[in-house]
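One structure is given here, and the rest of the page talks about it.
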Ligand code: URA
Ligand code: SF4
């Protein structure tokens with residue numbers, strides 16, 4: 001299976017009740033040869049309307065942080081744990097995460113990224129089973145030979161501008177890490 005096929009399945013998926021309220025599912029976007037994968041929580045309003053990940057205010061901040069650190073948004077792959085918008089942007093439920101996670105796993109298997117950036121607590125909890133972004137952000141975690149980097153979710157920076165300097169530092173750390181790997 002390729003990324004296109006995963007996206008096709010997501011768009012038709014009815015494995016959890018979130019399909020009922022979606023305008024469009026949001027499988028994620030980016031090139032097949034991306035070396036970095038960003039994982040958020042779930043689509044918000046703008047994403048649900050457009051079918052594209054991180055296009056609202058949080059997405060604008062993510063794009064700015066990437067570009068300020070010398071990274072190009074169109075060279076990374078961006079998706080979320082959950083592919084359909086939860087009502088009123090509530091946290092995804094366990095059953096929804098369990099139903100949706102296989103799509104993310106398949107995307108990881110296909111992309112084989114050098115590093116996986118976990119944006120916020122939902123992604124950290126779901127993917128590496130840890131809690132506490134405040135302590136975990138900015139430090140690489142190696143688990144089963146995979147490299148993970150927890151970062152604050154951009155929506156947290158939109159709500160609390162005081163986090164932005166920390167978010168910038170973490171993104172610069174990512175950029176240095178990629179240079180070391182020869183990945184950018
Ligand atoms: N927040 C997410 O986690 N994902 C999006 O696509 C948009 C906002
Ligand atoms: Fe399917 Fe995931 Fe959408 Fe639920 S959230 S319907 S599991 S794609």
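Numbering (our numbering), first residue to last: 1 to 184. Think of the CB as a built atom: it goes at the ideal place given N, C-alpha and C, for glycine as much as any other residue.
Inter-residue spacing [alpha-carbon to alpha-carbon] between residue i and residue j
i           : j           : result
residue 29  : residue 3   : 9 Å
residue 10  : residue 104 : 10 Å
residue 169 : residue 138 : 8 Å
residue 77  : residue 70  : 16 Å
residue 158 : residue 171 : 16 Å
residue 26  : residue 93  : 17 Å
residue 136 : residue 34  : 24 Å
residue 97  : residue 24  : 18 Å
residue 176 : residue 8   : 35 Å
residue 101 : residue 161 : 31 Å
residue 130 : residue 148 : 12 Å
Beta-carbon proximity list for residue i, same chain, < 7 Å, skipping 5 on both sides
i           : result
residue 107 : 3, 6, 28, 79
residue 167 : 65, 151, 152, 157
residue 164 : 157
residue 126 : 81, 97, 101
residue 146 : 116
DSSP three-state assignment for residue i, whether helix, strand or coil
i           : result
residue 40  : strand
residue 64  : helix
residue 82  : coil
residue 117 : strand
residue 225 : Only positions 1 to 184 of the chain appear in the structure, and residue 225 is not among them; the question remains open.
residue 131 : coil
residue 96  : helix
residue 150 : strand
residue 29  : strand
residue 145 : coil
residue 123 : helix
residue 54  : coil
residue 71  : coil
residue 180 : helix
residue 8   : helix
residue 15  : coil
residue 24  : coil
residue 112 : coil
Close-in-space but distant-in-sequence residues of the same chain around residue i (CB under 6 Å, 5 per side omitted)
i           : result
residue 91  : none
residue 56  : 44, 46
residue 110 : 3
residue 54  : 62, 78
Residues near residue i in its chain [Cβ-Cβ closer than 8 Å; skip 5 each side]
i           : result
residue 87  : 21
residue 143 : 128
residue 181 : 35, 114, 115
Nearest-angstrom Cβ-Cβ length linking residue i and residue j, presumed shorter than 8 Å
i           : j           : result
residue 85  : residue 47  : 7 Å
residue 15  : residue 99  : 4 Å
residue 154 : residue 62  : 4 Å
residue 117 : residue 174 : 7 Å
residue 141 : residue 120 : Actually they are not in contact, since the Cβ atoms of residue 141 and residue 120 sit about 15 Å apart, beyond 8 Å.
Across the region 63 to 82 and the region 31 to 42, are there enough close Cβ pairs to call them in contact, namely three or more that are closer than 8 Å?
Yes: the two stretches touch, three or more of their Cβ pairs being nearer than 8 Å.
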